[in-house]
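Trainee:
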Amino acid sequence: GAGVSQSPRYKVAKRGQDVALRCDPISGHVSLFWYQQALGQGPEFLTYFQNEAQLDKSGLPSDRFFAERPEGSVSTLKIQRTQQEDSAVYLCASSLARQGSSYNSPLHFGNGTRLTVT
Amino acid sequence: KQEVTQIPAALSVPEGENLVLNCSFTDSAIYNLQWFRQDPGKGLTSLLLIQSSQREQTSGRLNASLDKSSGRSTLYIAASQPGDSATYLCAVRAVQGGSEKLVFGKGTKLTVNP
Numbered sequence: 001g002a003g004v005s006q007s008p009r010y011k012v013a014k015r016g017q018d019v020a021l022r023c024d025p026i027s028g029h030v031s032l033f034w035y036q037q038a039l040g041q042g043p044e045f046l047t048y049f050q051n052e053a054q055l056d057k058s059g060l061p062s063d064r065f066f067a068e069r070p071e072g073s074v075s076t077l078k079i080q081r082t083q084q085e086d087s088a089v090y091l092c093a094s095s096l097a098r099q100g101s102s103y104n105s106p107l108h109f110g111n112g113t114r115l116t117v118t
Numbered sequence: 001k002q003e004v005t006q007i008p009a010a011l012s013v014p015e016g017e018n019l020v021l022n023c024s025f026t027d028s029a030i031y032n033l034q035w036f037r038q039d040p041g042k043g044l045t046s047l048l049l050i051q052s053s054q055r056e057q058t059s060g061r062l063n064a065s066l067d068k069s070s071g072r073s074t075l076y077i078a079a080s081q082p083g084d085s086a087t088y089l090c091a092v093r094a095v096q097g098g099s100e101k102l103v104f105g106k107g108t109k110l111t112v113n114p
């Protein structure tokens with residue numbers, strides 16, 4: 001009965017370093033989302049996977065951001081050459097249903113990874 | 001483009017009061033609306049989900065309503081407790097940019113004083 005698990009919980013990176021953030025969704029969940037939450041703001045959409053297919057990456061702020069979900073389960077969000085403006089909490093969410101299904105299942109969120117770029 | 005607004009941005013009440021948090025959205029073409037709670041340094045906990053065909057949902061002391069045609073939702077909290085202190089986020093699930101996604105408001109920070 002585990003929920004969505006994200007690691008690491010905290011990450012401090014020097015500007016210019018590459019980072020990789022991991023998300024373990026709830027087993028069997030088809031849909032997986034990544035969100036970015038700046039301090040005092042609501043989460044902003046980054047990208048969406050349905051199984052292993054990345055169907056929407058329109059929210060990725062630059063080509064330094066890359067996400068994958070190769071086996072339709074665990075997902076990794078990679079940020080290359082980190083900048084200070086990348087500092088935020090990165091949230092992963094999963095849901096049972098795929099897009100377009102008549103049953104809209106709720107999204108379940110992990111606790112996030114707080115990234116600080118110095 | 002779908003936009004979600006939450007009013008007020010912050011609210012402080014004494015313990016025991018009933019209170020209402022407001023959420024409005026600009027495009028009524030939504031699949032559902034979800035209310036979340038976020039504690040400091042934590043992720044989001046889903047409180048209530050209202051399908052687009054529904055008018056309200058209840059869970060314990062929480063009641064959420066949805067008026068899709070006017071683009072409004074309210075979260076009613078009865079007999080508030082200090083443990084209810086958190087940020088409450090409203091999100092609509094809608095098609096934007098070619099796929100379904102949750103579009104969030106900025107949240108209402110609630111403080112319940114003992």
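The listed protein sequences derive, respectively, from chains A and B. Heads up: the first sequence at position 107 corresponds to 107 in the working numbering, and the numbers run straight through without jumps. Heads up: the second sequence at position 38 corresponds to 38 in the working numbering, and the numbers run straight through without jumps. Even glycine gets a Cβ: it sits at the ideal position worked out from N, Cα and C. Note that this is a predicted model, so its numbers are computed, not measured.
Tell whether a beta-carbon distance below 9 angstroms holds between A:Asp18 and A:Val74.
Mentor: Within the first sequence, the letter at position 18 stands for residue 18 of chain A. Within the first sequence, the letter at position 74 stands for residue 74 of chain A. It is not a contact, given that the beta carbons lie outside the stated cut-off.
Trainee: Per the DSSP calculation, A:Lys11 is bridged to which residue(s)?
Mentor: On the first sequence, residue 11 of chain A is found 11 positions in, with the first residue counted as 1. Answer is A:Leu115, bridged to A:Lys11.
Trainee: Starting from the C-beta of A:Lys78, find all residues in its chain whose C-beta is less than 6 angstroms away, skip the five residues before and the five after it, and write them out in chain order.
Mentor: Translated into positions along the first sequence, residue 78 of chain A becomes position 78. Excluding sequence neighbours, A:Lys78 sits near Ala20 and Phe66.
Trainee: So, helix, strand or coil for A:Glu52, using DSSP?
Mentor: Numbered from its first residue, the first sequence carries residue 52 of chain A at position 52. In this structure, A:Glu52 counts as coil in the three-state DSSP scheme.
Trainee: So within the region 16 to 66 of chain B, which uninterrupted alpha helix (DSSP H) runs reach at least 4 residues, ignoring any that extend past its ends?
Mentor: The region 16 to 66 of chain B contains no whole alpha helix (DSSP H) run of 4 or more residues.
Trainee: Alpha carbon to alpha carbon, what distance is there between B:Thr108 and B:Ser73?
Mentor: Numbered from its first residue, the second sequence carries residue 73 of chain B at position 73. Numbered from its first residue, the second sequence carries residue 108 of chain B at position 108. The alpha-carbon atoms of B:Ser73 and B:Thr108 are separated by roughly 13 angstroms.
Trainee: Taking a Cβ distance cut-off of 7 angstroms, strictly less, list which residues of the region 90 to 108 of chain B are near chain A, in chain order.
Mentor: Arg93, Gly97, Gly98, Ser99, Glu100, Lys101, Leu102, Phe104, Gly105, Lys106 and Gly107
Trainee: Once DSSP output is grouped into helix, strand and coil, what is the label at A:Glu85?
Mentor: As a position in the first sequence, residue 85 of chain A is number 85, starting the count at 1. Three-state result, A:Glu85: helix.
Trainee: My assumption, with CB atoms under 8 angstroms, is that A:Phe109 sits in contact with B:Gly43. Please give the rounded CB distance.
Mentor: On the first sequence, residue 109 of chain A is found 109 positions in, with the first residue counted as 1. On the second sequence, residue 43 of chain B is found 43 positions in, with the first residue counted as 1. That belief holds up - the Cβ atoms of A:Phe109 and B:Gly43 are roughly 4 angstroms apart, short of 8 angstroms.
Trainee: Can you tell me the Cα-Cα spacing of A:Arg114 and B:Tyr88, whole angstroms?
Mentor: Within the first sequence, numbered from 1, the residue matching residue 114 of chain A stands at position 114. Within the second sequence, numbered from 1, the residue matching residue 88 of chain B stands at position 88. One C-alpha to the other measures close to 19 angstroms.
Trainee: For A:Ser102, does the three-state DSSP call read helix, strand or coil?
Mentor: Numbered from 1 along the first sequence, position 102 holds the residue referred to as residue 102 of chain A. Legend: pLDDT at A:Ser102 = 48, less than 50; position of this residue unreliable, value from coordinates given subsequently. A:Ser102 falls in the coil class under three-state DSSP.
Trainee: Which of the three DSSP states is assigned to B:Pro14 in this structure?
Mentor: Here residue 14 of chain B is taken as the residue at index 14 of the second sequence, counted from 1. Residue state, collapsed to three classes: strand.
Trainee: Closer than 9 angstroms by beta-carbon distance: list the chain A residues that pair up with B:Ser46, in chain order.
Mentor: On the second sequence, position 46 is the one that residue 46 of chain B refers to. Correct list: Pro106, Leu107, His108 and Phe109.
Trainee: Are the C-beta atoms of B:Gly60 and some chain A residue less than 9 angstroms apart?
Mentor: Here residue 60 of chain B is taken as the residue at index 60 of the second sequence, counted from 1. No, no contact with chain A.
Trainee: Does the CB of A:Ala93 have a neighbour CB from chain B at under 9 angstroms?
Mentor: For the purposes of this step, residue 93 of chain A is taken as residue 93 along the first sequence, with counting starting at 1. Taking Cβ atoms only, chain B reaches closer than 9 angstroms to A:Ala93, which makes this a yes.
Trainee: Less than 6 angstroms between C-beta atoms, sequence neighbours within five positions excluded: which residues of the same chain meet that for B:Gly96?
Mentor: Your numbering for residue 96 of chain B matches position 96 in the second sequence. Looking at the sequence provided, one finds Gln at residue 96 of chain B rather than Gly. Cβ neighbours of B:Gln96 beyond the five flanking positions: Gln2.
Trainee: Relative to chain B, which residues along the region 15 to 42 of chain A have a C-beta separation below 9 angstroms, given in chain order?
Mentor: So the list reads Ser31, Phe33, Tyr35, Gln37, Gly40, Gln41 and Gly42, given in the order they occur along the chain.
Trainee: With a threshold of 9 angstroms between beta-carbons, can B:Lys42 be considered close to chain A, or not?
Mentor: Here residue 42 of chain B refers to the residue found at position 42 when the second sequence is read from its first residue. Yes, contact with chain A.
Trainee: Mind listing which residues of the region 47 to 78 of chain A have their C-beta closer than 8 angstroms to chain B's C-betas, in chain order?
Mentor: Tyr48, Leu55, Asp56, Ser58 and Gly59
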